[in-house]
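Quick note on numbering: full-length UniProt numbering labels position 68 of the sequence shown as 68, and the sequence is numbered without any gaps.
Just so it is clear, CB atoms sit at the ideal spot from N, CA and C, and this is done for glycine as well.
Working notes for the structure below.
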Amino acid sequence: MFPKQVNRAKPSFANINLLGKCNVKCFFCLGEDIPQYLGKYNQLKTEFYNWPNFGDFLTLCKKEGITNLYITGQNTDALLYKHLWSLITNLQALDMGFDVGIRTNGYMFEKNMELVKTANLCRRSVGVSIHTLIPQVNEKIMGRDHIPDWDLLLPLFHNLRVSIVVNRYNVGEIPDILLYLKQFPNIRYVQLRRISTDTRSDKLSQDQDVFNNLARIFEKCGEDGDYKILEPFYGAKRYFAFGHEIVLWPTVSTSIGSFNYFTDGTISKKYFVIEGYLKENGITL
Numbered sequence: 001m002f003p004k005q006v007n008r009a010k011p012s013f014a015n016i017n018l019l020g021k022c023n024v025k026c027f028f029c030l031g032e033d034i035p036q037y038l039g040k041y042n043q044l045k046t047e048f049y050n051w052p053n054f055g056d057f058l059t060l061c062k063k064e065g066i067t068n069l070y071i072t073g074q075n076t077d078a079l080l081y082k083h084l085w086s087l088i089t090n091l092q093a094l095d096m097g098f099d100v101g102i103r104t105n106g107y108m109f110e111k112n113m114e115l116v117k118t119a120n121l122c123r124r125s126v127g128v129s130i131h132t133l134i135p136q137v138n139e140k141i142m143g144r145d146h147i148p149d150w151d152l153l154l155p156l157f158h159n160l161r162v163s164i165v166v167n168r169y170n171v172g173e174i175p176d177i178l179l180y181l182k183q184f185p186n187i188r189y190v191q192l193r194r195i196s197t198d199t200r201s202d203k204l205s206q207d208q209d210v211f212n213n214l215a216r217i218f219e220k221c222g223e224d225g226d227y228k229i230l231e232p233f234y235g236a237k238r239y240f241a242f243g244h245e246i247v248l249w250p251t252v253s254t255s256i257g258s259f260n261y262f263t264d265g266t267i268s269k270k271y272f273v274i275e276g277y278l279k280e281n282g283i284t285l
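Here it is in structure tokens:
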């Protein structure tokens with residue numbers, strides 16, 4: 001239903017993919033596509049200036065005109081990186097024009113509220129994932145029944161994006177989550193994401209189908225005038241609904257381009273994270 005879009009736009013951003021242990025266990029985690037390779041590394045305490053090829057990656061981004069860098073976890077979470085403050089401040093201080101954003105599940109904010117200040121250093125968005133508001137459902141999705149105190153946390157960020165990965169467990173709850181988020185005017189937009197996988201389609205196709213069905217509902221609501229239709233973004237349909245811009249993000253079917261750096265030293269010019277990692281390391285599955 002969602003073939004890979006191979007004709008992609010010129011890269012407009014790059015991901016810094018941290019490798020290490022995580023504080024949740026999301027069943028759809030892209031890192032679980034190739035745990036035998038990515039799971040070998042735990043670099044959450046490694047100073048970024050000791051990451052292999054990191055300088056080459058930054059030089060490549062500068063050469064290609066990429067200014068937006070996003071710190072994310074490939075099989076971990078950005079907030080678990082011990083030198084996050086230093087990484088953000090150093091990247092944004094370089095004479096290379098970089099602006100930094102982060103992507104996180106948000107759990108570490110509760111344990112260390114100083115991380116809120118660190119996140120707000122970012123000149124790009126702070127992206128948090130909220131997949132459910134129900135503890136029992138969260139356990140099915142993320143492997144733990146505790147949910148961060150979003151009432152406390154969400155108002156603290158000045159450049160906020162919320163990501164919801166649509167799946168079999170939360171699809172019926174999506175309207176309730178969007179209604180909940182309506183009370184936070186600092187949210188720039190909400191992204192409803194399709195699960196992506198290169199190796200587990202047999203296990204995750206059901207979740208991809210529910211995203212497809214939800215996208216049809218949004219399309220119908222747009223046609224009927226219930227939701228305002230906005231201009232698409234790299235092939236992703238956009239609406240104004242529930243007080244926010246809502247982006248239906250079909251991942252590999254979009255046309256956006258990006259580079260990916262992994263903290264083991266792998267540099268990929270592909271948007272497709274797993275495919276690019278395997279290719280650059282000469283791995284055939």
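{"query": "Hey, how far is the Cα of Met1 from the Cα of Glu139?", "result": "For Met1, the predicted structure reports a pLDDT of 49, less than 50, and the residue's modelled location is therefore unreliable. A value from the coordinates is still provided. One C-alpha to the other measures close to 28 Å."}
{"query": "Leaving out five residues before and five after Pro148 in sequence, what residues of the same chain have Cβ atoms less than 7 Å from its Cβ?", "result": "Gly106, Tyr107, Phe109 and Glu110"}
{"query": "Quick one: residues in its chain with C-beta nearer than 8 Å to the C-beta of Pro135, no 5 flanking neighbours on either side, listed in chain order?", "result": "Asp145, His146 and Ile147"}
{"query": "With DSSP run on the structure shown, which of helix, strand or coil describes Asn120?", "result": "coil"}
{"query": "One question on the structure: do Glu64 and Pro11 come within less than 8 Å of each other, judged by their Cβ atoms?", "result": "yes"}
{"query": "Any chance you could list the beta strand (DSSP E) runs of at least 3 consecutive residues sitting entirely within the region 172 to 245, in chain order?", "result": "187 to 193, 228 to 233 and 236 to 241"}
{"query": "Just verifying my parser: in three-state terms, what is the DSSP assignment at Ile274?", "result": "helix"}
{"query": "Please state whether DSSP places Leu19 in a helix, a strand or coil.", "result": "coil"}
{"query": "Closer than 8 Å is the cut-off here; do at least three beta carbon pairs connect the region 77 to 86 with the region 51 to 65?", "result": "no"}
{"query": "Given a cut-off of 8 Å on the beta-carbon distance, is the pair Leu60 and Leu18 in contact?", "result": "no"}
{"query": "Measure the alpha-carbon distance for Arg161 versus Asp224 and round it to whole angstroms.", "result": "27 Å"}
{"query": "With DSSP as the reference, identify every bridge partner of Ile102, one or two as the case may be.", "result": "Ile71 and Val126"}
{"query": "Can you tell which of Ile195, Ile164, Tyr169 and Arg168 has the C-alpha that lies nearest to the C-alpha of Tyr180?", "result": "Ile164"}
{"query": "For residue 293, is the classification buried or exposed, using 16 other Cβ atoms within 10 angstroms of its Cβ as the cut-off for buried?", "result": "In the structure displayed, the chain extends from 1 to 285; residue 293 sits before or after that span and is not available."}
{"query": "Report the rounded CA-to-CA distance for Cys122 versus Ser205, giving the unit in angstroms.", "result": "35 Å"}
{"query": "Can you determine whether any heavy atom of the ligand FMN sits closer than 7 Å to the C-beta of Tyr70, and answer yes or no?", "result": "As for the ligand FMN, it is missing from this structure, which has no ligand bound."}
{"query": "If I measure Cβ to Cβ from Leu153 and keep anything under 7 Å in the same chain, skipping five residues before and after, which residues do I get?", "result": "Gly106 and Phe109"}
{"query": "In the DSSP output, what is Ala9 paired with across the bridge?", "result": "In DSSP, Ala9 forms no bridge with anything."}
{"query": "Count the other CB atoms within 10 Å of the CB of Lys203; is the residue buried (16 or more) or exposed (fewer)?", "result": "exposed"}
{"query": "Check for me: the beta strand (DSSP E) holding Ile164 runs from which residue to which?", "result": "Leu160 to Val165"}
{"query": "From which residue to which residue does the beta strand (DSSP E) around Ser258 run?", "result": "Gly257 to Phe262"}
{"query": "For Lys269, which residues of its own chain have a beta-carbon under 6 Å away from its beta-carbon, when the five flanking residues on both sides are left out?", "result": "Phe259"}
{"query": "Going by other Cβ atoms of all chains shown within 10 Å of its Cβ, with 16 needed for buried, is Pro250 buried or exposed?", "result": "buried"}
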